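**Q**
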Amino acid sequence: NKIARMLNQDSMKNVKLITNAKVPIVKFIDSQSMIPVDISVNNNLSVYNTELLRRYCDVDPRVKPFILAIKYWARNRGICEPTSGTFSSYAWTLIAINALQTMQEPVIPNLCTRDGTNVVEIDGQNYDVSMQDVSNSKFISKNNETVAELIISFFSNLATNWPWDDFVISVREGALITRKQKGWNHQKPKISNAIQDKKIMRLGKHSLPVEDPFDEIHDLSIVLDAEGVFEIRDEVLRAYSLLYEYNNWETICEVKYPELIPESPQLDLFGDLRNLSESEIKTDLENLYSQLNIVEKSVSIRESERNDAIRMSKALRRNAELAKEQSVLSSELRPRRSQIDEAQSKRDSSNNNYIPVHLIEDELHRTYHNLTKQSETGIELSFEKEKALFSWFFELQSMHEHAKITRKHHREFLRLVNQQENAINHIKDIKHEIIDVKNLGNFRDFDDLAKRLLIELNPLKKERRKLRREVGRLEAWLRKQKHTPNKQQHKNRKSRTTRRKNDTNVKEIKNKVISGDSFSLQDLDLLLKSGGLKSVNNQSDNNKKSNNQKTKKNKPTLQPHRGKRGKSSKNI
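The numbering of the sequence shown is this note's numbering, which starts it at -10 and goes up by one.
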């Protein structure tokens, strides 16, 4: 709820909080780029689900466009919205992958190994997320169909062999498994009951079961309702019918509910900047900075005023609460004083008529001891003495009962006195705490001021957010341009590299021609562009001349010359 509220405050579009999903998510569309976004928290299993989908897309280049095509069709036809009782985007992805696994000639293998090599604990539950590495897979698909042909096969199989009557979609098994094998029999109310009774909206569990590849007890069809199931079946039959009437893909994927389809995302965030010079962008950036500075000051001033108003409101409210409490305490002082006087009077009256209770208790102990000591000494008391002791003992008991009432009055008196003293001390504390704010007004006035300032702040904060995003966009573009090499330099560098490469290739081809080796048509084309066979002959002649020159240079000159006496090896 807090995330959804924050996104609404940030002017995001179509913010939806989906709480009935296994992992609650918040869906929204970014107001600037128009890109749809899903946010979930602590959904660690989705990391492994995403990795599995990535690996399936890496198995065969047809997988990704096939899945995207199926999801595009489902979204445009209004059957890719779990909040409306139809499948989620993830469910359609699993259905598409399972379709590629279960074709007559499978396009992809089963990558879920379930060998226990990677078991993770999430929220106290163990999940086997073991999956095969695509690079180690020995699977080679014999299916040579194009993406278009695979799409036709998908709708044909769904329309003519509706799998959910007896089977469960299972990417984990790489096949269709029976409901009995999975234990997912269709619970009531069934679709047939919904046909007969139109009041039935929510279907029983496992209406069109799609198993999560790692969480085996999770059925993605739990979100379906009766209307959603009918709509899915109708759309599959419609697509199958249109395909066999040779309709184009645009007709098949015609948008059914335009209000549910978000605007096309703005994929090029720098489209309007590409034709502007760096100086123009920097000028715009300076203007944005000045505007942002003005808005920042306005926001800061109003936030400061609002915080002051809130503090004053709290202080005045506290003052009002203290004043009310003081009034209540003061109103209780006089009645309690009367209660204290009454309790004191009762206690004193009892004390005047009876001796203190502790003295009575001591006398009771002595009398009881005198009555029972004869059993210890063996000397019996006289009848008269024993009669007098018993009479005195009974009288003491009667006095003790009345004395206890005196004790009760005394305790009540002490309680009331203590309560009165605490109330008086509390009133003194309140008098010290209460601020003299008679001229500042009522706390409700400051509450109203804080609300008015908040109303003024909201559009200013939106403007600030907009300016900040635009500043960030321009700064990102300038950084991008700074690190991007000049196109002309890159082009010249590329042309020089290509020229050197072509020169090297031409030399190799000429050498092939001279040596009589075979060469391709591409070699011939490159040779013709560089001067043709004439250049080869010239190179051949040049090679001969250079060889002759080398030969002439190496011939010994037979001319008389003076020797060097005394320099022979024999004389060394």
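A virtual CB, placed ideally from N, CA and C, is assigned to each residue, including glycine. This structure is a prediction, so every number in the text was calculated from the model and none was measured.
1. With Phe402 and Met301 assumed to form a contact (beta carbons below 8 Å), what rounded beta-carbon distance in angstroms separates them?
2. Is Phe432 helix, strand or coil by DSSP?
3. For Ala465, which of Leu442, Glu267, Asn342 and Lys376 has the nearest alpha-carbon?
4. Would you give the residue range spanned by the alpha helix (DSSP H) that Pro54 belongs to?
5. Output the residue ranges of the alpha helix (DSSP H) runs that lie fully inside the stretch 233 to 292 and measure 4 residues or longer, sorted by chain position.
6. Just mark Lys542 as buried or exposed, buried being the case when its beta carbon has 16 or more other beta carbons within 10 Å.
7. Helix, strand or coil, according to DSSP, for Thr135 in the structure here?
8. Determine, using beta carbons only, whether Ser119 and Val96 come nearer to each other than 8 Å.
9. Would you check if the distance between the CB atom of Leu378 and the CB atom of Asn359 is smaller than 8 Å?
10. Taking one C-beta from the stretch 76 to 86 and one from the stretch 202 to 221 each time, how about it: are there three or more such pairs within less than 8 Å?
11. CB-CB under 6 Å to Arg44, same chain, minus the five flanking residues each way: which ones, in chain order?
12. In the DSSP assignment, what residue or residues form a beta bridge with Met120?
13. Let me know if Leu322 comes out buried or exposed under the rule of 16 or more other beta-carbons within 10 Å of its beta-carbon.
14. Alpha carbon to alpha carbon, how far is Leu197 from Cys242? Give it in angstroms, no decimals.
15. Given that a residue counts as buried once 16 or more other Cβ atoms are within 10 Å of its Cβ, and exposed if not, what is Val317?
16. Check for me: the beta strand (DSSP E) holding Asn125 runs from which residue to which?
17. Answer yes or no: do Val160 and Ala58 have a C-beta to C-beta separation smaller than 8 Å?
18. Figure out for me which residue from Thr272, Ile28 and Gln409 has the closest Cα to the Cα of Ser320.
19. Is it true that the stretch 151 to 167 meets the stretch 56 to 72, where meeting means three or more beta-carbon pairs spaced less than 8 Å apart?
20. Ends of the beta strand (DSSP E) at Leu6?
21. Can you give the Cα-Cα distance for Arg222 and Lys169, rounded to whole angstroms?
22. Output the distance between the C-alpha atoms of His421 and Asn296, rounded to the nearest integer angstrom.
23. Counting Cβ pairs, one atom from each stretch, are 3 or more of them under 8 Å apart for the stretch 328 to 344 and the stretch 442 to 451?
24. Mark Tyr37 as exposed unless 16 or more other C-beta atoms lie within 10 angstroms of its C-beta, in which case mark it buried.
25. Look at the alpha carbon of Leu442 and the alpha carbon of Ser289, and state the distance between them as a whole number of angstroms.
26. Please work out which residues of its chain come closer than 7 Å, Cβ to Cβ, to Gln121, disregarding the five sequence neighbours upstream and downstream, and give them in chain order.
27. Let me know the secondary structure DSSP gives Gln114 once reduced to three states.
28. Which two residues bound the contiguous beta strand (DSSP E) that contains Phe17?
29. Output needed for Gly163: all residues of its chain with C-beta closer than 6 Å, excluding positions within five of it in sequence on either side, in chain order.
**A** Based on what the coordinates show:
1. As a working mapping, residue 402 is identified with position 413 in the sequence shown. As a working mapping, residue 301 is identified with position 312 in the sequence shown. Between Met301 and Phe402 the Cβ distance is about 45 Å, and since that is not below 8 Å, they are no contact.
2. The sequence position of residue 432 within the sequence shown is 443, counting from 1. Looking at Phe432 - three-state DSSP - the assignment turns out to be helix.
3. Walking along the sequence shown from the start, residue 465 turns up at place 476. Of Leu442, Glu267, Asn342 and Lys376, the residue nearest in Cα terms is Glu267.
4. The sequence position of residue 54 within the sequence shown is 65, counting from 1. Element bounds for Pro54: Val52 to Asn65.
5. 238 to 241
6. Numbered from its first residue, the sequence shown carries residue 542 at position 553. Reliability of the predicted coordinates at Lys542 is poor, the pLDDT of 45 falling under 50, and no value is obtained from them.
7. Numbered from its first residue, the sequence shown carries residue 135 at position 146. In this structure, Thr135 counts as coil in the three-state DSSP scheme.
8. Here the question's residue 119 lines up with position 130 in the sequence shown. Here the question's residue 96 lines up with position 107 in the sequence shown. No. Outside cutoff.
9. Looking up residue 378 in the sequence shown gives position 389. Looking up residue 359 in the sequence shown gives position 370. Yes. Within cutoff.
10. yes
11. Against the sequence shown, residue 44 aligns to sequence position 55. Contacts found: Leu100 and Val123.
12. For the purposes of this step, residue 120 is taken as residue 131 along the sequence shown, with counting starting at 1. The partner list for Met120 (beta bridge, DSSP) reads Cys101.
13. Within the sequence shown, residue 322 is the residue found at index 333, counting from 1. With fewer than 16 Cβ atoms within 10 Å of its Cβ, Leu322 is classed as exposed.
14. Along the sequence shown, one-based indexing puts residue 242 at 253. Along the sequence shown, one-based indexing puts residue 197 at 208. Cα to Cα, the separation comes out at about 22 Å.
15. Your numbering for residue 317 matches position 328 in the sequence shown. Label assigned to Val317: exposed.
16. Locating residue 125 in the sequence shown gives position 136, where the first residue counts as 1. It is not in any beta strand (DSSP E) - Asn125 carries neither H nor E in the DSSP assignment.
17. For the purposes of this step, residue 160 is identified with residue 171 of the sequence shown, where counting begins at 1. For the purposes of this step, residue 58 is identified with residue 69 of the sequence shown, where counting begins at 1. Taking 8 Å as the Cβ cut-off, Val160 and Ala58 do not qualify as a contacting pair.
18. By one-based count along the sequence shown, residue 320 stands at place 331. Measuring from the Cα of Ser320, the nearest candidate turns out to be Gln409.
19. no
20. Along the sequence shown, one-based indexing puts residue 6 at 17. Lys2 to Ile7 is the extent of the beta strand (DSSP E) around Leu6.
21. To locate residue 222, count along the sequence shown from 1; it is residue 233. To locate residue 169, count along the sequence shown from 1; it is residue 180. Taking the straight line joining both Cα atoms gives about 23 Å.
22. On the sequence shown, residue 421 is found 432 positions in, with the first residue counted as 1. On the sequence shown, residue 296 is found 307 positions in, with the first residue counted as 1. Using only the alpha carbons, I get a separation of about 25 Å.
23. no
24. Along the sequence shown, one-based indexing puts residue 37 at 48. The residue in question, Tyr37, is buried, as its Cβ has 16 or more Cβ neighbours within 10 Å.
25. Walking along the sequence shown from the start, residue 442 turns up at place 453. Walking along the sequence shown from the start, residue 289 turns up at place 300. Looking at the two C-alpha atoms, the distance is approximately 11 Å.
26. Against the sequence shown, residue 121 aligns to sequence position 132. The answer, listed in chain order, is Leu100 and Thr102.
27. Numbered from its first residue, the sequence shown carries residue 114 at position 125. Looking at Gln114 - three-state DSSP - the assignment turns out to be strand.
28. Locating residue 17 in the sequence shown gives position 28, where the first residue counts as 1. Residues Ile14 to Ile18.
29. Locating residue 163 in the sequence shown gives position 174, where the first residue counts as 1. Excluding sequence neighbours, Gly163 sits near Gln90 and Asn99.
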